[in-house]
Amino acid sequence: MELTEMEIAEILQTVCGEENKEGGSGSYSEWYENGLQSVLQELNTDPDLGLTEEQAACLQGCFGKNTIKPPQKAGLAQKILHQLKDVSIIVLLIAVALSFLLAFLHGDGYVEPFVILAVVVLNIVLAISQEGKAEKALEALEQIAAPECSVIRDGKQMSMASVELVPGDIISLQTGNVVPADARLISATGLFCDESALTGESEPVGKDESAILNGSIPLGDQHNMVFSGCVITAGHGLAVVTTTGMDTQIGRIAEFLHDTEQVKTPLQKRLDGLSTTICWIAVTAAFFLLAVGLRGGTDLGSMLMIAISLAVAAVPETLSLIVTLSLTNGVQRMVTKNALIRKLPAVETLGNASVICSDKTGTLTQNRMAVKGLWIRGGEPFGDDIEFSEEQTRFLKILSMAGNATFTTGANGEAEYFGNATEVGILRLLGEKGYGDSSEIALEYPRVAEIPFSSERKMMSVVLKDKDSGYIVLTKGALDWLPISESCGEIQEARQVHDEFANRALRVIALAGKRVDTLPDPAHLEELECDFRILGLVGLIDPARPEAAEAIETARQAGIRTVMITGDHATTAAAIAKDLGILREGQNVMTGARLAEISDVELQDTVRNFSVYARVTPEDKIRIV
Numbered sequence: 012m013e014l015t016e017m018e019i020a021e022i023l024q025t026v027c028g029e030e031n032k033e034g035g036s037g038s039y040s041e042w043y044e045n046g047l048q049s050v051l052q053e054l055n056t057d058p059d060l061g062l063t064e065e066q067a068a069c070l071q072g073c074f075g076k077n078t079i080k081p082p083q084k085a086g087l088a089q090k091i092l093h094q095l096k097d098v099s100i101i102v103l104l105i106a107v108a109l110s111f112l113l114a115f116l117h118g119d120g121y122v123e124p125f126v127i128l129a130v131v132v133l134n135i136v137l138a139i140s141q142e143g144k145a146e147k148a149l150e151a152l153e154q155i156a157a158p159e160c161s162v163i164r165d166g167k168q169m170s171m172a173s174v175e176l177v178p179g180d181i182i183s184l185q186t187g188n189v190v191p192a193d194a195r196l197i198s199a200t201g202l203f204c205d206e207s208a209l210t211g212e213s214e215p216v217g218k219d220e221s222a223i224l225n226g227s228i229p230l231g232d233q234h235n236m237v238f239s240g241c242v243i244t245a246g247h248g249l250a251v252v253t254t255t256g257m258d259t260q261i262g263r264i265a266e267f268l269h270d271t272e273q274v275k276t277p278l279q280k281r282l283d284g285l286s287t288t289i290c291w292i293a294v295t296a297a298f299f300l301l302a303v304g305l306r307g308g309t310d311l312g313s314m315l316m317i318a319i320s321l322a323v324a325a326v327p328e329t330l331s332l333i334v335t336l337s338l339t340n341g342v343q344r345m346v347t348k349n350a351l352i353r354k355l356p357a358v359e360t361l362g363n364a365s366v367i368c369s370d371k372t373g374t375l376t377q378n379r380m381a382v383k384g385l386w387i388r389g390g391e392p393f394g395d396d397i398e399f400s401e402e403q404t405r406f407l408k409i410l411s412m413a414g415n416a417t418f419t420t421g422a423n424g425e426a427e428y429f430g431n432a433t434e435v436g437i438l439r440l441l442g443e444k445g446y447g448d449s450s451e452i453a454l455e456y457p458r459v460a461e462i463p464f465s466s467e468r469k470m471m472s473v474v475l476k477d478k479d480s481g482y483i484v485l486t487k488g489a490l491d492w493l494p495i496s497e498s499c500g501e502i503q504e505a506r507q508v509h510d511e512f513a514n515r516a517l518r519v520i521a522l523a524g525k526r527v528d529t530l531p532d533p534a535h536l537e538e539l540e541c542d543f544r545i546l547g548l549v550g551l552i553d554p555a556r557p558e559a560a561e562a563i564e565t566a567r568q569a570g571i572r573t574v575m576i577t578g579d580h581a582t583t584a585a586a587i588a589k590d591l592g593i594l595r596e597g598q599n600v601m602t603g604a605r606l607a608e609i610s611d612v613e614l615q616d617t618v619r620n621f622s623v624y625a626r627v628t629p630e631d632k633i634r635i636v
């Protein structure tokens, strides 16, 4: 289909007009706030047909490729010039010039000036080569973009490189896919997205295309959006691309990091001060000696050479080389500890650190949900660290049957788990208790139907065939949303245990069930979701790394304070921070909402009073640091 010039102009005006340059094709607040039809209309796309190739080519000319632009690399000449700006190098170059002048005037050999020049060259070569190695290693770590994606173009679904995406493209999302660009959901069925890399929230977020959102909503709560670089952990859906490349949320983070101001390290400042002091002392001493010699009657030529000799002798030619070699040795030792140092002086800077700002998910925690508390109807709450009884093990098995997580044995003999993080945590505990293979109970109670999880119902149900007769219906989800019969005496007890688990910042999942003789029509299975009886509760959390608390205490004893800055919820962050020893007496928690309300002056005055910053954005993290 050919596009007329008028149509092309309308597309460009709609999608990349002057009023919409911020955020690619509209401001970020519009995409989750506007209704789906409004978004599709603004992007001039059809959810069934997608864009045409002509439209895509036109839009790509406006927005460019869907890639994260790396910071502009300095050329070899720029790197050399940067090293020559160092005060200690400047002092050495002055010494080289004076040495050449002295050798020329005095008629002596040129060994000393060439030795000093060799020191300068070696210093520059070592610094540039070491920093080059670190840059290459970091570039390898940054290759996280999704290589291909499924797109609807010209009414056909096709696989294409994600770099070719443009705003308005219709993309298909399946379990295991990496989201290739920021997008507004068109449809979603049991869709969950792991956004921990972007928001810090360890639990996959349930997505809902029909969510109505207004006002300033944190990224982690924008349930009708998916974001570039995040992983689809369950379900499937269809979405329309809203922003690409540097206009995505992950691109904005890259841009913030590119724009950060480069400052000198404490070592560089001290070396600059030392070199400046030495330079002034050498020059002053040379002029003083010249004045004294001339006053004593010595001829100008002889005294000039003596003064220059003194100036050259006063300059510590090997100081800079010794420092560079020491730093290079430090970098090599850090590499053995799996730490990459981009700039040599940063090794020394670590020794001057007084505050460490750390993310939570995957850094202080294991980035995997683990069961920490369980309760079975009529019993007492218990933890995961006890020897399970037959009843407790059976409850855990039934709980695993109410989910879709699976596992396989990898090449190294270890179990590899797949599925929703919560369900994987339950299955992993079952494996730790020696019952990793739940196929026996699956054969005993085969699944005949499933009602998938939805954000409206906040629960999922499975129907199992009883070995005798009839069917067993199991439902798991949020306790307050499960249709449990109020006549059951255990509901009040369940709520008490639920609150106890919630106060420990555990994510609480309730399991309920009932037995039925017959099933309704497959189109009306949701009629089964009523009059359940509570079976038990399970509480999960992303546990702290075992070595994290020790590392934080070691840092504290060294006079270094640790601060947690995370996109996760305040309650969860505070609980983990207390366990790790970050949130101590007298320290508080600040949320991103509160942080947005205060000025930089107020933050400057109170920043030391907070050890945990929760539900913050990437921009907030840079502001706090």
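Just so you know, we're using the working numbering here: the sequence shown kicks off at 12 and counts up by one. Even glycine gets a Cβ: it sits at the ideal position worked out from N, Cα and C. Values in this document were obtained by computation on a predicted structure and should not be read as measured data.
Residue pairing of residue 575 in beta bridges, as defined by DSSP: 369 and 623. Per DSSP, reduced to three states, the secondary structure at residue 263 is helical.
Assigned with DSSP and collapsed to three states, residue 232 falls in helix. A Cβ-Cβ separation of about 7 Å places residue 518 in contact with residue 552 under the 8 Å criterion. Excluding sequence positions up to five before and after residue 289, its CB lies within less than 8 Å of the CB of 102, 325, 326 and 327, all in the same chain and listed in chain order. At least 7 Å separates the beta-carbon of residue 195 from that of residue 386. If you draw a 10 Å sphere on the C-beta of residue 550, you find 16 or more other C-beta atoms in it, and that means buried.
Fewer than three pairs of CB atoms, one per stretch, sit closer than 8 Å, so the stretch 336 to 356 makes no contact with the stretch 523 to 537. With fewer than 16 other beta carbons inside 10 angstroms of its own, residue 541 counts as exposed. Counting along the chain, residue 295 sits inside no beta strand (DSSP E); it lies in the alpha helix (DSSP H) bounded by residues 277 to 306.
Residue 77 sits buried, since 16 or more C-beta atoms from the chains shown fall within 10 Å of its C-beta. With fewer than 16 other Cβ atoms inside 10 Å of its own Cβ, residue 347 counts as exposed.
Beta bridge pairing from DSSP links residue 176 with no other residue. Of all alpha-carbon atoms in 547, 465, 445 and 476, the one lying nearest the alpha-carbon of residue 490 is that of 547.
A straight-line Cα-Cα distance of about 37 Å links residue 69 and residue 87. From the listed residues 427, 225, 454 and 460, the smallest Cα separation to residue 529 is found for 460.
When the five nearest sequence neighbours on each side are left out, the beta carbons in the same chain lying within less than 8 Å of the beta carbon of residue 360 are those of 276, 277 and 278, in order along the chain. The residue from 202, 198, 241 and 199 with its alpha-carbon nearest to that of residue 189 is 241. One alpha carbon belongs to residue 207, the other to residue 389, and they sit about 36 Å apart. According to the DSSP secondary-structure assignment, residue 544 is paired through a beta bridge with 524. For the set 469, 374 and 140, the Cα lying nearest the Cα of residue 336 is the one of 140. Contact check for residue 556 against residue 377 passes: the beta carbons are separated by less than 7 Å. Taken in chain order, the complete beta strand (DSSP E) segments of 3 or more residues contained in the stretch 347 to 410 are 366 to 369 and 381 to 387.
The C-beta of residue 433 has 16 or more other C-beta atoms within 10 Å across all chains shown, which makes the residue buried.
Between residue 633 and residue 368, the CB-CB gap reaches or exceeds 7 Å. By alpha-carbon distance to residue 446, the top candidate from 130, 467 and 410 is 410. Separation of residue 233 and residue 137 (C-alpha to C-alpha, rounded to the nearest whole angstrom) is 48 Å. Taking a cut-off of 8 Å for Cβ pairs, the stretch 604 to 612 and the stretch 563 to 581 do not touch, as fewer than three such pairs fall below it. Distances from the alpha-carbon of residue 544 to those of 521, 84 and 496 put 496 closest. If you draw a straight line from the Cα of residue 264 to the Cα of residue 630, it comes to about 7 Å.
In the DSSP assignment, residue 482 falls within the unbroken beta strand (DSSP E) covering 482 to 488. Assigned with DSSP and collapsed to three states, residue 496 falls in coil, not helix or strand. If you look at residue 629, you'll find it in the alpha helix (DSSP H) that goes 629 to 635. When the five nearest sequence neighbours on each side are left out, the beta carbons in the same chain lying within less than 6 Å of the beta carbon of residue 521 are those of 490, 493 and 548, in order along the chain. DSSP places residue 183 inside the beta strand (DSSP E), whose first and last residues are 181 to 185.
Per the C-alpha coordinates, the member of 431, 259, 402 and 439 positioned closest to residue 420 is 439.
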